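J.: Residue numbers (my numbering), protein chains in the order written: chain A, 1 to 109; chain B, 110 to 708. Just so it is clear, CB atoms sit at the ideal spot from N, CA and C, and this is done for glycine as well. No experiment lies behind these values; they were computed from the predicted model shown. Before anything else, here's the structure in question.
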Amino acid sequence: MGLRQKVQREMLETGLPEDLKQEFHRLSEWAHTLPEKFGTRVRIRLVDAASIEGFFKSLIRRVGRYPAFSVDGARYVGADFSRVDALVSQALRQKEAQPAPRSTASTSN
Amino acid sequence: MNTLLAVIIGVLTVYLAYTRYARRIDRNVIQSDPKRATPATLYMDGVDFMPTNKNILFGYHFKSIAAAGPIVGAIVAANLWGWLPAIIWLVLGVSFIGWASDYSGIVISIRNDGNSLSAIAHRLVSPRSRTILFMFIFFYLLVGASAFVGIMANVMESQPRTHLGIILLTAMGLLLGQMLYRWRTGLVGATVLTVGVTLLGILAGPWTEEIFKGFNAGLNAMTGGTPLVTYFDPTLANFKGADAQIMPSLLFWAIAICAFCYAGSVLPIWRMAQPVVYVGFWISALSIVLGLVGAALATFIKPEVAQFVLPAFKGWNPQLGPAGIMPLWPMLFVTIACGAISGWHALFGSVGTARQIENEADMLPVGGGSMLCEFLLGLLALLAVAVGSKGAPVGAFATGLGGFISVWGVPLQYATSLAFAAFIVIVLVVTQLLFRVMRVTLSEWLGDVIPPVRSQHVSSFVCIALAILVVMTGTWIYLWQLLGGANQLMAALALLLVTVWLASVGKSWYYAGLPAVFMYVTTIASLLVTSYNLYFNVYQINLAAGRVVPVIGSGLMVMVALLLIVAALFIGFDGWRAFLRYRRRAAPTPTPTPATARA
Chain A
1 MGLRQKVQRE MLETGLPEDL KQEFHRLSEW AHTLPEKFGT RVRIRLVDAA
51 SIEGFFKSLI RRVGRYPAFS VDGARYVGAD FSRVDALVSQ ALRQKEAQPA
101 PRSTASTSN
Chain B
110 MNTLLAVIIG VLTVYLAYTR YARRIDRNVI QSDPKRATPA TLYMDGVDFM
160 PTNKNILFGY HFKSIAAAGP IVGAIVAANL WGWLPAIIWL VLGVSFIGWA
210 SDYSGIVISI RNDGNSLSAI AHRLVSPRSR TILFMFIFFY LLVGASAFVG
260 IMANVMESQP RTHLGIILLT AMGLLLGQML YRWRTGLVGA TVLTVGVTLL
310 GILAGPWTEE IFKGFNAGLN AMTGGTPLVT YFDPTLANFK GADAQIMPSL
360 LFWAIAICAF CYAGSVLPIW RMAQPVVYVG FWISALSIVL GLVGAALATF
410 IKPEVAQFVL PAFKGWNPQL GPAGIMPLWP MLFVTIACGA ISGWHALFGS
460 VGTARQIENE ADMLPVGGGS MLCEFLLGLL ALLAVAVGSK GAPVGAFATG
510 LGGFISVWGV PLQYATSLAF AAFIVIVLVV TQLLFRVMRV TLSEWLGDVI
560 PPVRSQHVSS FVCIALAILV VMTGTWIYLW QLLGGANQLM AALALLLVTV
610 WLASVGKSWY YAGLPAVFMY VTTIASLLVT SYNLYFNVYQ INLAAGRVVP
660 VIGSGLMVMV ALLLIVAALF IGFDGWRAFL RYRRRAAPTP TPTPATARA
């Protein structure tokens, strides 16, 4: 393993406390199920809440807790991913009713 | 000359270099293809290889390259040779060499499966070049960390107004980590609280100056006012040379900075490094944005802070005499590294940014664009010191930047405090990361031979002890120029590698090859000058006086300089042979130049 990978992995390993790391893994596993459920109709964008972009997203979308999800403007805050699936399905149904580009789900964690 | 004119020159430089030269090379020589798969998309693993949006990646790359370098280099060079040579080198360097180095570091990695420069050197040049590059990195980091600790300790000792702000930055960073990751507070509220308190602490600095002055005096009283170390520094007394003294207060602040870096290096990232960087970002971004726009507006709103007071040109070799030699060529070209060209950028671009580029069309805006923006940061530092009052370089910079910020209605003394704090914050944030990388490098390098250095605490202590030893030798300017030499040598080697690669794939190599030759010759010459200065003006004089610490420190620095020269000669020789080999192989087919390719 190269030097940079060592530093990078060490930073990733200590990047979050254990409970948040578990939560992040669950979020990651859920994100990987999206292509199976919705194919290429959904694009997901992950935003680190503890970042400058996260600050502005939190400010604009008035989010105070995480993870927070925004599906075409519809918002959900919490870790019940079935609720996000429902939001995505609903957004896709609306899209099908009126032809438009792909649905975008973004999440802050 | 005034700041408005300089800002116009800066903006024009960025526009012309990007649109008239960089885009042409990208289109005609590299022929970037948005449809070609990048390593980030081919090998996505969520750790190293991760396709990332170009706007995010631009910010990430810029944050990683633009730190203390462009600020410190411009300050030192303007004081040594005047503002005119400094601005000319910044403009020409970034236009013809700097962007090309950053951009090419990314290109060469992307077109070689995301491999690092050392891995590509191993394949294209010679196996030994990889080993030499690996050893080189440790000394490079050591010199960098020492230079940064040295300048921060000096500023903190001489400017007690900065103490409260930096103490609060540390405390607020720790609090932010606790709020975000343990109490799970919302980011907006936590940011407002922690950044707000830090900012208040910085602005309140002048009120607490007397308290911290007393604290420093108390520390110095512990030895009855006797210095801990006395050494001859040839750069003091306007380069006539004088005895310098390391007082307990300076050592205290150097150790305090190292303790901060140690904590940042061994604590979990979420606990300290990440939140401190986050709070520090807001402080430095606020100062830079207010300063840069203020510099442009000052000509109309507050003309007295917009006029250059520093001499335009101080001479080709202004310090010839007892202090040693300081010729404009080659020393200017290593004193200002970041902002004009920097090897760190190519190194980081090849192992970091290149593995996150999702589309080849992003290579130029991310690599070249970030470098051109960093040039603006270097220009801001140069303007600040050019309009600042006389005195120590960092003091002049803070006074100048404070003047620009005061255009917004902030009283000058508070604006100057903000400028001082921004300087320390920018340098501090980088230094803690340098120590983290340095301890990992040390444990990788010597861990098998000396098992105790595998411990993060032992390796951190070794790195810190070496850095403090170098700081105690004084002669900070030589140390900075040694760092510049190492950095620019890395840039020359990166450009050399790009040249060999371009020759190997039958592309026009001139845009990288000519700068590589210039930087290679310049860097080796500068390292020879630095070795001469260190040996004859520091080592020998202190040896004759029987001063052990500066003798060991300056001896270590001379050894590092000579090692760098030997490494450069080996890699240069191997690179030249590889270049000729590929040229001969490609000889039957004429290499298209940008002009012919366009036709």
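1. When you compare only the Cα positions, how much space is there between B/F167 and A/K21?
2. Mind checking if B/Y290 is an interface residue toward chain A, Cβ cutoff 7 Å exclusive?
3. Any idea if B/W292 is buried or exposed, counting beta-carbon neighbours within 10 angstroms, 16 or more meaning buried?
4. Starting from the C-beta of B/L296, find all residues in its chain whose C-beta is less than 7 Å away, skip the five residues before and the five after it, and write them out in chain order.
5. With distance defined between alpha-carbon atoms, name the residue in B/R692, B/V475, B/A330 and B/S358 nearest to B/V609.
6. Measure the Cβ-Cβ separation of B/A490 and B/G497 and say whether it is below 7 Å.
7. Would you say B/A595 and B/L673 are within 7 Å of each other, going by their C-beta atoms?
8. Do the segment 460 to 471 of chain B and the segment 181 to 191 of chain B meet, that is, are 3 or more Cβ pairs less than 8 Å apart?
9. Count the other C-beta atoms from every protein chain shown that fall within 10 angstroms of the C-beta of B/E469, then say buried if there are 16 or more, exposed otherwise.
10. Assuming B/L125 is part of the alpha helix (DSSP H), what are its boundary residues?
11. Assuming B/I392 contacts B/A530 under a Cβ cut-off of 8 Å, what Cβ separation, rounded to an integer in Å, is found between them?
12. Of all the residues that make up the segment 50 to 70 of chain A, which are near chain B by a beta-carbon distance shorter than 8 Å?
13. If we cut at 7 Å on Cβ distances, does B/W379 have a partner in chain A?
14. Along the chain, where does the alpha helix (DSSP H) that runs through B/T150 open and close?
15. Which residues does DSSP pair with B/Y290 in a beta bridge?
16. Pull up the CB-CB distance for B/L359 and B/E467, whole angstroms please, since I reckon it's below 8 Å.
17. Alpha helix (DSSP H) containing B/I180: first to last residue?
18. Taking the C-alpha atoms as reference points, what is the distance between B/V418 and B/L114?
19. Answer with buried or exposed for A/Q94, where buried requires no fewer than 16 other C-beta atoms within 10 angstroms of its C-beta.
20. Within the same chain, show all residues whose beta-carbon is closer than 6 Å to that of B/G509, passing over the 5 residues directly before and after it, in chain order.
21. Restricting to Cα atoms, I'd like to know which of B/A313, B/L671 and B/L233 is closest to B/G633.
22. Check the DSSP bridge columns for B/T161 and list the partner residues they point to.
23. Against chain A, does B/T300 count as a neighbour if the rule is that its beta carbon must be under 7 Å from one of theirs?
24. What residues match up with B/Y340 in a beta bridge as DSSP calls it?
25. Leaving out five residues before and five after B/D142 in sequence, what residues of the same chain have Cβ atoms less than 7 Å from its Cβ?
26. Of the residues B/F321, B/A382 and B/P560, which one's Cα is nearest the Cα of B/L273?
27. Anyone know if the C-beta pair for B/P343 and B/S635 falls short of 7 Å?
28. Beta strand (DSSP E) containing B/Y130: first to last residue?
29. Going by alpha carbons, who is nearest to B/G476 out of B/V658, B/L537, B/G119 and B/A131?
30. Please name the residue in B/N646, B/I118 and B/I139 whose C-alpha comes closest to that of B/S617.
31. Mapping the DSSP letters down to three states, classify A/R75 as helix, strand or coil.
32. Please name the residues in the segment 380 to 410 of chain B whose beta-carbon is closer than 9 Å to at least one beta-carbon of chain A, in chain order.
33. Answer with buried or exposed for B/G655, where buried requires no fewer than 16 other C-beta atoms within 10 angstroms of its C-beta.
34. Are B/I184 and B/P502 closer than 7 Å when you measure CB to CB?
35. Does the beta-carbon distance from B/G214 to B/G458 come in below 7 Å?
36. For the segment 158 to 176 of chain B against the segment 578 to 591 of chain B, are there 3 or more C-beta pairs whose distance is under 8 Å?
T.: The relevant details are as follows:
1. 27 Å
2. yes
3. exposed
4. L289
5. B/R692
6. no
7. yes
8. no
9. buried
10. T112 to L125
11. 6 Å
12. A50, S51, I52, E53, G54, F55, S58, L59, V63, G64, R65 and Y66
13. yes
14. P148 to L151
15. Beta-bridge pairing links B/Y290 to no other residue.
16. Not really, about 48 Å apart at Cβ, beyond 8 Å.
17. G178 to W190
18. 15 Å
19. exposed
20. A493, V494, V496 and G497
21. In the sequence as displayed, the identity of residue 633 of chain B is Ile instead of Gly. Ranking B/A313, B/L671 and B/L233 by Cα distance to B/I633 puts B/L671 first.
22. B/I466
23. yes
24. B/A353
25. E469
26. B/F321
27. no
28. No beta strand (DSSP E) contains B/Y130, which DSSP labels as neither H nor E.
29. B/A131
30. B/I139
31. strand
32. R380, A382, Q383, P384, Y387, F390, W391 and A394
33. exposed
34. yes
35. yes
36. no
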